[in-house]
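Novice: There's a structure below that I have some questions on.
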Amino acid sequence: MDGQETLLLKLGEVVLKGLNRRFFEDRLLSNVSRRMRSCGQFHTTLRQSIIYVEPESGDCDMDAAYAAACQVFGIVRVARAYPCPKDPEAIARTARARLGDAFARAGSFKVETKRADKRYPLNSIQISQTVGGLLAEAFPAVRVDVRHPDLTVYVEIREQAAYVHVPAVPGAGGLPVGTAGRAVSLLSGGLDSPVASWMMARRGLELDLVHFVSPPYTSPQAQEKVLDLARHLSAYCGRMIVHIVPFTHIQEEIRRNCPEAYFTLVMRRFMMRLSERIAQRAEAKALITGESLGQVASQTLKALCATEDAVSLPVFRPLIGMDKVEIIHLAQRIGTYDTSILPYEDCCTVFTPRHPAIRPELEEVRKAEAALDVDALTGEALSGEEWVRVKP
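Take any residue in the sequence shown, count from 1 to its spot, add 38: that is its number in the working numbering.
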């Protein structure tokens, strides 16, 4: 439809995938279509490394669709564009009609053209000059400035139409969710684990989430805080299952039977074992944690080795070389920060040792854990597991 707003979604590293490219494109197109469903009826097509999101009815929520498109992994740029016939007068007419407010705020402008349809008789410079001249006549108070304009009008000449838009905004980048397999991410209520989950989903992983609760030491508000984080992540990651695992009895047994210095390490080993069992059921091939080297006592090199010893699956730690400031900045960027800092503490703060072991010997950790019936406690915890499905 002439002039009806359309979203242009530009692909990123998917275009470098060679013989596997079709697999990545199909998954990305499916992910985009699924995210658009809550915003109305849209027709989504992929042509020349662009996904076109075109409304099929007048009641589509374009603002919501635009916001959703910016959160789809695999998309690097998102533009709100207006299609029109491929001739300079129609292009200028569309720009006048659709970008009038932008011209009213600008003191200068330029036109920048991309000619993807190489059969079109005018080249990019000729199109920009012709359309720019027509717009200069239409907006005489706005001067032409090709070096430092207040407003850049973008024109794209493509197969089926010309498209007019203002600068595109960055997309989420990365690879389409579902192209790299499935993993289980341990999600606490803190800053780190939601960021780690986001980073690995951005590399194409589908996620199941695991959260451990220890009532009465942890509150219902703490659990709801984690579910809020999961819902926020689902805007990027798609639908997910949050596995809620009761952890009170395990922590009480650790306090009762293990040396205090090893409380946290033994607790972390149980979390890893339980997550691995859940991963095996979900056919997931890796675990994800929000650990950062040296950030706390349980994240020294020896402590991390002692924790990972409890499982056989690979453990991905995307934050391992980041400091807290970097993690906070990323949490703010993806929108999890405000929820993560709510003052509802999770089970990791329960029975925290006064003097934790920071250079634990693996055999000493295993010896401390030997006082517990690991299989029985693990089975009991999994028998009380609950599932919560979250979606955008």
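For each residue, glycine too, the CB sits at the ideal point set by N, CA and C.
For residue 335, which option in 304, 325, 313, 264 has the closest C-alpha, if you only look at C-alpha atoms?
Specialist: As a first step, residue 335 is located in the sequence shown; it is residue number 297 there, counting from the start. Of the candidates 304, 325, 313, 264, the one whose C-alpha sits nearest the C-alpha of residue 335 is 304.
Novice: State yes or no: is the C-beta of residue 140 within less than 7 Å of the C-beta of residue 189?
Specialist: For the purposes of this step, residue 140 is identified with residue 102 of the sequence shown, where counting begins at 1. For the purposes of this step, residue 189 is identified with residue 151 of the sequence shown, where counting begins at 1. Yes.
Novice: How would you call residue 179, buried or exposed, if buried means at least 16 neighbouring beta carbons within 10 angstroms?
Specialist: Here residue 179 refers to the residue found at position 141 when the sequence shown is read from its first residue. Counting C-beta atoms within 10 angstroms of its own C-beta, residue 179 has fewer than 16 neighbours from the protein chains shown and is therefore classed as exposed.
Novice: So, at 8 Å on beta carbons, what are the nonlocal neighbours of residue 199 in its own chain, with the 5 sequence-adjacent residues on each side left out?
Specialist: Along the sequence shown, one-based indexing puts residue 199 at 161. Hits under 8 Å: 121, 122, 123, 124.
Novice: Thinking just about the alpha-carbon of each residue, which of 349, 295, 344, 329 is nearest to the one in residue 318?
Specialist: Here the question's residue 318 lines up with position 280 in the sequence shown. For the residues 349, 295, 344, 329, the minimum Cα distance to residue 318 belongs to 349.
Novice: Give me the Cβ distance between residue 313 and residue 224, rounded to the nearest whole Å; I'm assuming they're in contact under 8 Å.
Specialist: By 1-based counting over the sequence shown, the position of residue 313 is 275. By 1-based counting over the sequence shown, the position of residue 224 is 186. Indeed they touch by this definition, with Cβ atoms about 6 Å apart.
Novice: I need the straight-line Cα distance from residue 237 to residue 386, nearest angstrom please.
Specialist: Within the sequence shown, numbered from 1, the residue matching residue 237 stands at position 199. Within the sequence shown, numbered from 1, the residue matching residue 386 stands at position 348. Cα to Cα, the separation comes out at about 22 Å.
Novice: Does the distance from the CB of residue 256 to the CB of residue 384 come in under 7 Å?
Specialist: Counted from its first residue, the sequence shown places residue 256 at position 218. Counted from its first residue, the sequence shown places residue 384 at position 346. Contact flag set, yes.
Novice: Quick check on the burial criterion: 16 or more other C-beta atoms within 10 angstroms. Buried or exposed for residue 409?
Specialist: Along the sequence shown, one-based indexing puts residue 409 at 371. With fewer than 16 other Cβ atoms within 10 Å, it is exposed.
Novice: Go through the stretch 172-228 residue by residue and report every complete run of the beta strand (DSSP E) that reaches 3 residues or more, in order.
Specialist: 189-195, 200-203, 220-224
Novice: Report the option in 259, 232, 44, 126 whose CA atom is closest to the CA atom of residue 248.
Specialist: The residue given as residue 248 occupies position 210 in the sequence shown. Closest by alpha carbon: 232.
Novice: Expressed to the nearest angstrom, what Euclidean distance is found between the alpha-carbon atoms of residue 81 and residue 269?
Specialist: Mapped onto the sequence shown, residue 81 falls at position 43. Mapped onto the sequence shown, residue 269 falls at position 231. Approximately 26 Å between the Cα atoms of the pair.
Novice: Are there 16 or more other CB atoms within 10 angstroms of the CB of residue 282, so buried, or fewer, so exposed?
Specialist: As a working note, residue 282 is residue 244 in the sequence shown. Counting Cβ neighbours within 10 Å, residue 282 comes out buried, since at least 16 surround it.
Novice: Helix or strand or just coil, what does DSSP make of residue 361?
Specialist: Here residue 361 refers to the residue found at position 323 of the sequence shown. It is coil, neither helix nor strand.
Novice: How about residue 403 and residue 344: do their beta carbons lie closer than 7 Å?
Specialist: Counted from its first residue, the sequence shown places residue 403 at position 365. Counted from its first residue, the sequence shown places residue 344 at position 306. Contact: yes.
Novice: Okay, do the stretch 98-106 and the stretch 162-170 touch, 3+ Cβ pairs below 8 Å being the bar?
Specialist: No, because fewer than three Cβ pairs between the stretch 98-106 and the stretch 162-170 fall closer than 8 Å, the two stretches do not touch.
Novice: Given that a residue counts as buried once 16 or more other Cβ atoms are within 10 Å of its Cβ, and exposed if not, what is residue 51?
Specialist: Translated into the one-based positions of the sequence shown, residue 51 becomes position 13. So residue 51 counts as exposed.
Novice: Determine the DSSP secondary structure at residue 311, reduced to helix, strand or coil.
Specialist: Start at 1 with the first residue of the sequence shown, and residue 311 comes out as number 273. Helix.
Novice: What three-state label does DSSP hand residue 327 in the structure shown?
Specialist: Looking up residue 327 in the sequence shown gives position 289. Three-state result, residue 327: coil.
Novice: Throw me the rounded Cβ distance for the residue 377 and residue 266 pair, which I believe falls under 8 Å.
Specialist: Mapped onto the sequence shown, residue 377 falls at position 339. Mapped onto the sequence shown, residue 266 falls at position 228. The Cβ separation is near 5 Å, so the contact holds.
Novice: Express the C-alpha separation of residue 306 and residue 337 in angstroms, rounding to a whole number.
Specialist: Position 299 of the sequence shown, counted from the start, is the residue given in the question as residue 337. Position 268 of the sequence shown, counted from the start, is the residue given in the question as residue 306. Answer to the nearest angstrom: the Cα atoms are 10 Å apart.
Novice: CA-CA distance, residue 375 and residue 366?
Specialist: The sequence position of residue 375 within the sequence shown is 337, counting from 1. The sequence position of residue 366 within the sequence shown is 328, counting from 1. Taking the straight line from one Cα to the other gives about 7 Å.
Novice: Could you tell me whether the stretch 210-220 touches the stretch 141-151, using the rule of 3 or more Cβ pairs below 8 Å?
Specialist: Segments in contact, no.
Novice: What runs of the alpha helix (DSSP H), each 4 residues or longer, lie entirely inside the stretch 86-128?
Specialist: 100-107
Novice: Within a Cβ cutoff of 6 Å, which residues of the same chain sit near residue 207, ignoring the five residues on either side of it in sequence?
Specialist: For the purposes of this step, residue 207 is identified with residue 169 of the sequence shown, where counting begins at 1. The answer, listed in chain order, is 116.
Novice: With a floor of 4 residues, list each alpha helix (DSSP H) that falls wholly inside the stretch 228-297, ordered by position along the chain.
Specialist: Runs found: 230-239, 258-275, 286-295.
Novice: My understanding is that residue 210 touches residue 241, with C-beta atoms under 8 Å, so please give their C-beta distance in whole angstroms.
Specialist: Reading the sequence shown from its first residue, position 172 is the one you call residue 210. Reading the sequence shown from its first residue, position 203 is the one you call residue 241. Not really, about 12 Å apart at Cβ, beyond 8 Å.
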